[in-house]
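Structure record follows, encoded as structure tokens.
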Amino acid sequence: MDHTPSPLAGGNPAIDVPLKCTGTIRINCGQMAPEAAADAFSSFPEEAGWSIELLLLGDLQDRSSDEAMAFIQEWLFFGVLYHVLGAAGVQVRHEDFIRKDGGDDASSWVTTASLPQYMETWKAEKDVKTREEAEAQLYAIRRILMESAAHVKRLNFMSATSGFRWPGSDEIMLSILVLGSTLDYTRMNIYKDVAEQPDHILLRTASWLLQDRLLARGCCPNHVSMLEQTLTPAIVYYAYRMDALEHTKDHSRCSEETHRICSSSAETPMMTLMQSSFTTANLQGNIVVVFKKRTLISKQDY
Numbered sequence: 194m195d196h197t198p199s200p201l202a203g204g205n206p207a208i209d210v211p212l213k214c215t216g217t218i219r220i221n222c223g224q225m226a227p228e229a230a231a232d233a234f235s236s237f238p239e240e241a242g243w244s245i246e247l248l249l250l251g252d253l254q255d256r257s258s259d260e261a262m263a264f265i266q267e268w269l270f271f272g273v274l275y276h277v278l279g280a281a282g283v284q285v286r287h288e289d290f291i292r293k294d295g296g297d298d299a300s301s302w303v304t305t306a307s308l309p310q311y312m313e314t315w316k317a318e319k320d321v322k323t324r325e326e327a328e329a330q331l332y333a334i335r336r337i338l339m340e341s342a343a344h345v346k347r348l349n350f351m352s353a354t355s356g357f358r359w360p361g362s363d364e365i366m367l368s369i370l371v372l373g374s375t376l377d378y379t380r381m382n383i384y385k386d387v388a389e390q391p392d393h394i395l396l397r398t399a400s401w402l403l404q405d406r407l408l409a410r411g412c413c414p415n416h417v418s419m420l421e422q423t424l425t426p427a428i429v430y431y432a433y434r435m436d437a438l439e440h441t442k443d444h445s446r447c448s449e450e451t452h453r454i455c456s457s458s459a460e461t462p463m464m465t466l467m468q469s470s471f472t473t474a475n476l477q478g479n480i481v482v483v484f485k486k487r488t489l490i491s492k493q494d495y
């Protein structure tokens with residue numbers, strides 16, 4: 194998730210995402226015809242020997258929880274990334290998205306530090322396509338993102354109800370949410386000149402990990418709920434990193450639906466993001482499109 198900018202000062206450290214699918218990647222990292230890329234994404238679970246319907250019921254199909262999370266990461270993180278970029282005509286190096294700490298025996302982590310460069314290549318590739326070719330790309334990419342968003346939403350719901358939160362699973366699900374919303378917003382911007390009608394973000398699923406950490410810090414449940422409903426997962430992740438304050442107000446009587454404390458709604462940098470549509474629009478653009486400056490606009494930064 195390190196394609197998102199770091200706060201200008203202070204804030205929380207980035208959340209590391211463990212690499213669970215450590216074997217040979219089974220996903221095509223190359224350029225693909227758009228329709229073929231969407232078909233390959235849809236058929237990957239069956240080809241890998243997994244039943245999604247059983248997994249969504251909590252059935253690990255005689256596998257360990259680590260194997261289940263490795264499959265989810267391979268399909269819904271790397272699979273989404275590589276099939277979206279492949280449909281856009283962009284060749285991907287798997288090594289660009291892996292980070293190792295130290296020598297050969299060191300831990301491996303997922304990194305998206307190189308994603309901005311890939312997204313610039315994506316836009317450049319689209320700009321030389323005919324309208325028909327760009328429309329074919331948009332249709333296939335939207336299909337991939339819609340399918341992945343539906344599965345992520347169900348997996349996220351299951352994780353809150355069926356004890357599906359194994360070690361590392363929260364971080365992996367968060368990375369899937371942040372990547373998905375980033376690619377989705379980028380899709381909307383790159384293809385806005387060929388979209389037949391005004392488009393919208395497909396993925397607005399909340400991260401239980403961020404929710405738990407924000408509430409544990411004393412944030413108002415109503416504020417957290419508003420944040421999750423108003424902004425994409427990528428922006429909520431930035432808000433979490435930006436706002437490292439320990440909140441002292443008593444929100445024990447607050448709920449997701451009601452804020453019962455008589456105080457300014459702008460008591461935190463996090464809430465500033467929801468106050469101004471100008472700020473939010475610039476925040477979206479800076480995270481997803483204008484990576485080069487690696488800064489964000491918020492009132493706290495002035």
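All you need for our numbering is the position in the sequence shown, starting with 1, plus 193. From the three backbone atoms N, C-alpha and C, an ideal C-beta is built for every residue, glycine too. Treat the numbers as computed from the prediction; the structure is a model and nothing was measured.
Counting of Cβ neighbours within 10 angstroms places Val210 among the buried residues, the total reaching 16 or more. Following the DSSP letters along the chain, one finds Trp315 in no beta strand (DSSP E) but inside the alpha helix (DSSP H) bounded by residues Leu308 to Asp320. By the neighbour-count criterion, in which a residue is buried when 16 or more other Cβ atoms sit within 10 angstroms of its Cβ, Leu395 is buried. Within 10 angstroms of the beta-carbon of Arg380 lie 16 or more other beta-carbons, which makes it buried. Taking 8 Å as the upper bound for CB-CB distance, Pro426 and Ser362 are not in contact here, some 16 Å apart. According to DSSP, residue pairing for Pro200 in a beta bridge does not occur. Tyr430 and Leu367 do touch by the CB rule: their CB atoms are close to 7 Å apart, below 8 Å. Gly411 has its alpha-carbon roughly 31 Å from the corresponding atom of Phe270.
If you draw a 10 Å sphere on the C-beta of Thr304, you find 16 or more other C-beta atoms in it, and that means buried. Spanning the alpha carbons of Ser341 and Ile365 requires a straight line of approximately 14 Å. In this structure Val345 is in contact with Thr398, their Cβ atoms being roughly 6 Å apart against a cut-off of 8 Å.
Beyond the five residues adjoining it in sequence on each side, Trp243 comes within less than 7 Å, by CB distance, of Gln254 and Phe264 in the same chain, given in chain order. For Asp377, the closest alpha carbon among the candidates Arg335, His416 and Leu408 is that of Arg335. An exposed status is given to Met339, since fewer than 16 other beta-carbon atoms sit within 10 Å of its beta-carbon. The Cβ-Cβ distance between Leu331 and Tyr275 does not fall below 8 Å. The closest CA to that of Ile369, considering only Leu348, Asn382 and Asp386, is found on Leu348. Shown here, Ile383 sits in a helix according to DSSP, grouped into three states. If you draw a 10 Å sphere on the C-beta of Val273, you find 16 or more other C-beta atoms in it, and that means buried.
Following the DSSP letters along the chain, one finds Val285 in no alpha helix (DSSP H), marked with neither H nor E.
A residue is called buried when at least 16 other Cβ atoms come within 10 angstroms of its Cβ; Gln404 meets this threshold and is buried. At the C-beta level, Trp315 and Ala281 come within 8 Å of one another.
Val387 and Glu260 have their alpha carbons spaced roughly 40 Å apart. Excluding residues up to 5 positions away in sequence, Tyr433 lie with their Cβ nearer than 7 Å to the Cβ of Arg406 in the same chain. As computed with DSSP, Lys213 is found in no beta bridge at all. Within the same chain, and ignoring the five residues on either side of Lys319 in sequence, the residues whose Cβ sits closer than 6 Å to its Cβ are Ala327 and Ile383.
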